[in-house]
Amino acid sequence: LDQIRDLIPQITTPGWLGRIATDWGSPGHGTPKSDEWRTAGTIHLPVALLRMWADKPERHEDLRWFLDLTTAVQLATRRSTSINRANEYQQYLRRYLHGMVDRGFNLVPNHHAALHLPEFLPEFGPARGWWAYPIERQVGLLQKINTNNRFVGEMESTILEGHHRSAYLRSLISTSAPPTASVLRETLAIARTALAEPTTGTLATDAPIGPADSMSFIHGRRVDHSKTVRLQPGDYNLLLDLLRTEIDPKALNPKAQPLKRVQHMGVSFAIEDTSFDNSNVLFRRTRDGVLVPGRITNIFVHERKKDNQRLSETFVVLERFIRAEAHEQLFFRSLHPDLQALLYHTHTRSDGTSWGGEKTIIRLSQVKCHIATLPFMNKGGEERLLTWAIDRVGDFAAV
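Heads up, the sequence shown is in UniProt numbering, so the first residue is 1 and it goes up one at a time.
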């Protein structure tokens, strides 16, 4: 645990994710909350153990065993589900429980209950719609209320009905075109404009996600021409190459409105100078759609003409990480079939910042999710970066 605690501060995670205390697991930290357990178990612990045990063959079997549990939790908590996904969950959980028995641990009722989850997922849908995190908060509030035992039964019924109403409402408003009355749609639009979205912890991971706009418009706004600046030559050339088939290169506007951060799919993505933790992302490469990691160095809104219309579109400039050599990746590929961790090159610049790789430009809609990163030195004394996908949508290493 001491080694894990030493690594926790070195693991970068996006700002919307609940933080793990550096003394996590110690008696002085107290009992971790459910959100801390989930974050630690699906991100910090697997990343730390991969770093600690990668070059220790005698621990590889234990690492695979723990990753079975991590994968099972990810499958169970994704935002979409299916019979196949429920079966995969059961496969990984059974393998993990067999590993517990083989290691001399006793199973408890919670393990038995977890085996029944595959029965519920196809019947009730994703666990996020009916799990107990909101009820746990209510229990905490109720413990502070003096009821004088006068409402036994009535209070429980009210809580249950309220939980069902909120679950149904969440399912309605989570779609891009909710099948609801126009007055409710207007109310939702006003609420999203006036109320700040949750940015950390379970509230953030449970918050509805808006659709990824294929044209990457920022809240439907046009470029603020009073804030435009001339693009750097490198960024302009990247944009020119991206749009070459859509626009006359001679007509491409050399100016754009720079942004420090942007909201996309319900969370904040930022340039590295503004928020290093929110700048590490997984994105779809333009030429083939393959998912690759990188670090955001610039975001800007650019306006151009197309079919006699003015399009205001958001673009993201990144340093695409360069994958480490095949022999270094071999361990990760053989470790676990659903492992979302890979090694990449990196090095520290003279100013203390880390360099990712070659520059590229994409549309905002190509950004898939944030990633956790852990820099370290390999046996040869070379800098490497361990990445771990954190997909809030739920199709890829969900949290």
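Virtual Cβ for every residue (Gly too), placed ideally from N, Cα, C.
May I ask you to report which of helix, strand or coil DSSP gives residue i?
i      : result
GLU358 : strand
PRO109 : helix
GLY294 : strand
ARG19  : coil
ARG261 : strand
TRP388 : strand
ALA251 : helix
ILE4   : helix
GLN90  : helix
ASN308 : coil
THR12  : strand
ALA341 : strand
LEU231 : coil
PHE124 : helix
THR39  : helix
SER334 : helix
THR314 : strand
GLU383 : strand
VAL223 : coil
Between the C-alpha atoms of residue i and residue j, what's the straight-line distance to the nearest angstrom?
i           : j      : result
THR297      : LEU67  : 32 Å
THR81       : LEU252 : 44 Å
PHE120      : LEU45  : 28 Å
THR42       : ALA132 : 18 Å
ASN106      : VAL316 : 51 Å
GLY380      : THR387 : 19 Å
VAL267      : PHE331 : 33 Å
PHE269      : GLY125 : 29 Å
ILE4        : ALA48  : 6 Å
PRO211      : ASP391 : With a pLDDT of 47 at PRO211, under the threshold of 50, the modelled position of this residue cannot be trusted; read the value that follows with caution. If I take the Cα positions, the gap works out to 15 Å.
LEU1        : GLU58  : 18 Å
PRO14       : ALA389 : 11 Å
HIS302      : THR286 : 18 Å
LEU184      : LEU169 : 11 Å
GLU328      : ARG103 : 30 Å
ILE8        : ARG51  : 11 Å
residue 400 : ASN110 : Residue 400 lies beyond the range of the chain shown here (1 to 399); nothing can be said about it.
ASN84       : GLY153 : 39 Å
PRO249      : LEU259 : 24 Å
LEU93       : LEU115 : 7 Å
GLY18       : LEU188 : 26 Å
GLU325      : THR314 : 34 Å
Would you mind sorting residue i into buried or exposed? The rule is 16 or more other CB atoms within 10 Å of its CB.
i      : result
ILE299 : buried
PRO233 : exposed
THR12  : buried
SER312 : buried
ILE190 : exposed
ASP288 : exposed
THR71  : buried
VAL73  : buried
VAL223 : buried
Worksheet item: Counting Cβ pairs closer than 8 Å, one from the segment 276-286 and one from the segment 363-381, do we hit at least three?
Response: A contact exists between the segment 276-286 and the segment 363-381.
Worksheet item: Using 8 Å as the Cβ pair cut-off and three pairs as the minimum, do the segment 254-264 and the segment 334-345 touch?
Response: No: the two stretches stay apart, fewer than three of their Cβ pairs being nearer than 8 Å.
Fill in: Every unbroken alpha helix (DSSP H) within the segment 40-89, with a cutoff of 4 residues, ordered by chain
Here the runs fully enclosed are 45-53, 60-76.
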